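Okay, structure first, notes after.
2 protein chains.
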Amino acid sequence: MKHITIKDIAKVLGISKSTVSRALSSDSQNVSKETIRKVLDTADKMGYRKNEMAVNLRHRSTKTIGIILPEAETSFYMKFTSMVQHLLQLKGYRLLLAISDEDFINERSNVELFDKYRVDGLLISTCHNKANYDFYESFIKRGIPIVFFDRIIQGLECSSVKSDDYKATFFLMEHLIYDGRKRILYLAGPDHISTTADRMRAYHDTLSKHHISYDPSLVIVTGTNEEDGAAAMTAFLDSCPPQEMCDALFCFTDLQAVGAKKVLEKRGISIPETISIACMSGTRMAALVSPAITTVERPMLKMSEEAVRLLLAKIEDINTPSEKVVLPAEMFIRASTRRK
Amino acid sequence: MKHITIKDIAKVLGISKSTVSRALSSDSQNVSKETIRKVLDTADKMGYRKNEMAVNLRHRSTKTIGIILPEAETSFYMKFTSMVQHLLQLKGYRLLLAISDEDFINERSNVELFDKYRVDGLLISTCHNKANYDFYESFIKRGIPIVFFDRIIQGLECSSVKSDDYKATFFLMEHLIYDGRKRILYLAGPDHISTTADRMRAYHDTLSKHHISYDPSLVIVTGTNEEDGAAAMTAFLDSCPPQEMCDALFCFTDLQAVGAKKVLEKRGISIPETISIACMSGTRMAALVSPAITTVERPMLKMSEEAVRLLLAKIEDINTPSEKVVLPAEMFIRASTRRK
DNA sequence: GTGAAAGCGCTAACAC
DNA sequence: GTGTTAGCGCTTTCAC
Chain A
5 MKHITIKDIA KVLGISKSTV SRALSSDSQN VSKETIRKVL DTADKMGYRK
55 NEMAVNLRHR STKTIGIILP EAETSFYMKF TSMVQHLLQL KGYRLLLAIS
105 DEDFINERSN VELFDKYRVD GLLISTCHNK ANYDFYESFI KRGIPIVFFD
155 RIIQGLECSS VKSDDYKATF FLMEHLIYDG RKRILYLAGP DHISTTADRM
205 RAYHDTLSKH HISYDPSLVI VTGTNEEDGA AAMTAFLDSC PPQEMCDALF
255 CFTDLQAVGA KKVLEKRGIS IPETISIACM SGTRMAALVS PAITTVERPM
305 LKMSEEAVRL LLAKIEDINT PSEKVVLPAE MFIRASTRRK
Chain B
5 MKHITIKDIA KVLGISKSTV SRALSSDSQN VSKETIRKVL DTADKMGYRK
55 NEMAVNLRHR STKTIGIILP EAETSFYMKF TSMVQHLLQL KGYRLLLAIS
105 DEDFINERSN VELFDKYRVD GLLISTCHNK ANYDFYESFI KRGIPIVFFD
155 RIIQGLECSS VKSDDYKATF FLMEHLIYDG RKRILYLAGP DHISTTADRM
205 RAYHDTLSKH HISYDPSLVI VTGTNEEDGA AAMTAFLDSC PPQEMCDALF
255 CFTDLQAVGA KKVLEKRGIS IPETISIACM SGTRMAALVS PAITTVERPM
305 LKMSEEAVRL LLAKIEDINT PSEKVVLPAE MFIRASTRRK
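Order-wise, the sequence lines are chains A and B.
Convert by adding 4 to the 1-based position in the first sequence; the result is the number in my numbering.
Convert by adding 4 to the 1-based position in the second sequence; the result is the number in my numbering.
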């Protein structure tokens, strides 16, 4: 497939490549109105499209940012992405998108792909808080601007933005406790996701604060998806003696809550009368399923603004000191429809 | 930010650029084992990454495909994308992703961006079945391989894959009718989405077949989102005399169903006793909300296979005749939990 | 087995 | 205002 180049246009008009190039960028300082018009005209007629790669090669800058998301099952990261895109557009940057599908191998090859395409910077929500530590470390040493968001890599010298998972969890847990719940089943996230630790700590701390003793059988480490939530809930119900039944459920993700809720419904356990459900949420997913599920949303707009700010700072000057932003828990609560 | 180039490696090793280049592609025909080892070694040490744009410029082919999705609110298109990615990877292609956010202006600029990056081909699910007709026509004339999927552009000379919306709709409608429903409220999709017409036709045809007279007040044209579904449902309930209440709801999208269901619940209308809900679905969204919603899923795997096949055919030879694939209605039904 | 040189499409000094 | 030239990083003849 033959693409039209400035050379072709130059030949047709009997002028030089440089003039065409100048005209195409409407450099009215150095090219006559007449020439500009002619060039633009024939370019259009011939179906000319500037070869971006040649431009980038020449400029040694692509004016594009790569963003890497762990998943696109929920719309959380996509919404974030959409906000980021608007912000970057204002600054003259484009956005390239990749999904890792919760696989750190994929994540790594996405990073490498973007690197090969010489993106000016990278926005990453990582699948795994450890697996790629060395990889990223050497990357950052090479001077490539990276900002991690939402899911970060612990201990890595880099800029990052995340929401205050500890406080958010604390808040939701207290919500359940004030609702009279005492045996709160917690579906934790997998260890390798960076937010797990903070939330787990908050779970323990809330119990302590309210003098509720910790029961290890009430904490189940599982995956982030609907199926994981369903499986965990089923396992719990099957193994738990009636007198040790939980009276509330706290989920790591809203997808888990969705799965767990289905199991409860199937077994005829009423919500929220018998059991109250709360979950951390980035999406409308849980609330969408039922207003009886209380959710906390992470402050996305602020997160995207900060991510872009930090990234552009690094791009402007790679020696900008790294900054680890933890967003205050600006929480938007959807209260339970009914209380005890 | 200075990137390492083959020139740098050549200088360090005191050999020529060409040898480095050959060594990097492990051309053991023309380079000694020894040299290859040395080059690979120092390349690694120096943190060399091949500049993909220089390669592409030289090769005049990028080995990448651009995919453009209308939305990422639901996970339908992302799942499709994931399948496509696997298939393309096997053929040595990479995938670049863009989201148009249901805006045909965005869609167009995404196409242009990919074109500027000289992707080898384009996979598009379009936001609008008319708005970009001329645009695409000239694009295709210029010889750029494009395959439309799911949402196509009517009348355009091009390859495309879609599912059999007519049959799927017919099936769901009959499901409702066999369930004893007669006044089926239909939340249609907006006119500019290509699937709307087929589904509307099926709505009418099913009624005819079962000798149910058509009532225009039972068809509401609205948007695809949750809010649209909620708004349409509210409008209907507010304006409809009690004796003209519908006994079933058929939605264009699962998101609409979600919105409508919330309104129904808020008004204390029980599902599925009073009203039965069915919807076209690409995602788990609707089923996730309630097993009482019957859904039809579009056959994604087959669609991705066909899309890739058609695209690669065009890439291999742009003069391959276009093919319009309509996938047989391989439907996966989730039956209502209860029947009348 | 290796090097020199040309060129992919573009921009930006530098001349005139 | 326009043309000439060099070069971005790479691959690929064509010599040797």
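The C-beta atom is built at its ideal place from N, Cα and C for all residues, glycine as well.
Please read all numbers here as calculations on a predicted model, not as lab measurements.
Cβ neighbours of residue i in the same chain (closer than 6 Å, five flanking residues each side left out)
i: B/ILE19; result: none
i: B/ASN229; result: LEU259
i: B/TYR170; result: ASP202, ALA206
i: A/VAL293; result: VAL262
i: B/GLN247; result: none
i: A/CYS255; result: LEU191, ALA261, CYS283
i: B/ARG317; result: Per the sequence shown, the amino acid found at residue 317 of chain B is Ala instead of Arg. Once the five neighbours on either side are set aside, the close Cβ partners of B/ALA317 are THR324.
i: A/MET177; result: THR210
i: B/VAL115; result: none
i: B/VAL329; result: VAL165, GLU310
i: A/THR257; result: THR228
Per-residue burial, residue i [other beta carbons within 10 Å of its own, 16 or more giving buried]
i: A/GLU75; result: buried
i: A/THR199; result: buried
i: B/GLU161; result: exposed
i: A/ASN323; result: exposed
i: B/LYS349; result: The question about residue 349 of chain B has no answer, for chain B in this structure spans 5 to 344.
i: A/ARG271; result: exposed
i: B/GLY227; result: buried
i: A/ASP31; result: exposed
i: A/THR78; result: buried
i: B/SER163; result: buried
i: A/ASP232; result: buried
i: A/TYR182; result: exposed
i: B/GLU277; result: exposed
i: B/ARG41; result: exposed
i: A/ALA239; result: exposed
i: A/ARG26; result: buried
Under 8 Å between C-beta atoms of residue i and residue j
i: B/PHE139; j: B/ARG112; result: yes
i: A/ALA236; j: A/SER280; result: no
i: A/ASP168; j: A/LEU314; result: no
i: B/ALA282; j: B/LEU180; result: yes
i: A/GLU301; j: A/SER326; result: no
i: A/ASN1; j: B/ARG98; result: This structure leaves residue 1 of chain A out entirely; chain A is present only between 5 and 344.
i: B/ASP119; j: A/ARG53; result: yes
i: B/ASN60; j: A/MET289; result: no
i: A/ALA311; j: A/ALA172; result: no
i: A/ALA296; j: A/VAL267; result: no
Own chain residues within Cβ distance below 7 Å of residue i, not counting five before or after
i: B/VAL223; result: TYR190, ALA192
i: B/LEU305; result: MET87
i: A/SER65; result: ASP124
i: B/ALA339; result: For B/ALA339, the predicted model reports a pLDDT of 42, less than 50, meaning its position is unreliable; a value from the coordinates is still stated below. Excluding sequence neighbours, B/ALA339 sits near THR298.
i: A/LYS83; result: MET304
i: A/LYS11; result: LYS21
i: B/LEU101; result: ILE71, THR85
i: B/HIS208; result: TYR218
i: B/HIS214; result: ILE181
Beta-carbon proximity list for residue i, same chain, < 8 Å, skipping 5 on both sides
i: A/GLY159; result: TYR137
i: B/ARG185; result: ASP251, ALA252, SER280
i: A/THR23; result: ALA14, VAL35, THR39, VAL43
i: B/ILE144; result: ILE150, LEU160, GLU161, CYS162
Between the stretch 57-70 of chain A and the stretch 116-134 of chain A, can you find at least three pairs of beta-carbon atoms closer than 8 Å? yes
Take every Cβ of the stretch 85-101 of chain A, pair it with every Cβ of the stretch 20-38 of chain A, and state whether three or more of those distances are shorter than 8 Å. no
Where are the alpha helix (DSSP H) runs, 4 residues long or more, that stay fully inside the stretch 130-163 of chain B, in chain order? 137-145
Completely contained alpha helix (DSSP H) runs for the stretch 37-101 of chain B, where each covers 4 or more residues: Taken in chain order, the complete alpha helix (DSSP H) segments of 4 residues or longer contained in the stretch 37-101 of chain B are 37-50, 56-63, 80-94.
For the stretch 155-164 of chain B against the stretch 197-211 of chain B, do three or more pairs of beta-carbon atoms, one drawn from each stretch, fall closer than 8 Å, so that the two count as touching? yes
Just checking, does the stretch 97-114 of chain A make contact with the stretch 41-53 of chain B on the three C-beta pairs under 8 Å criterion? Short answer: they don't touch.
Where in the stretch 279-321 of chain B do unbroken runs of the beta strand (DSSP E), each at least 3 residues long, occur, reported from the N-terminal end onward? Taking only runs of at least 3 residues, the beta strand (DSSP E) segments lying wholly in the stretch 279-321 of chain B are 280-285, 297-301.
Unbroken stretches of the beta strand (DSSP E), 3 residues or longer, contained in the stretch 195-254 of chain B: 223-225
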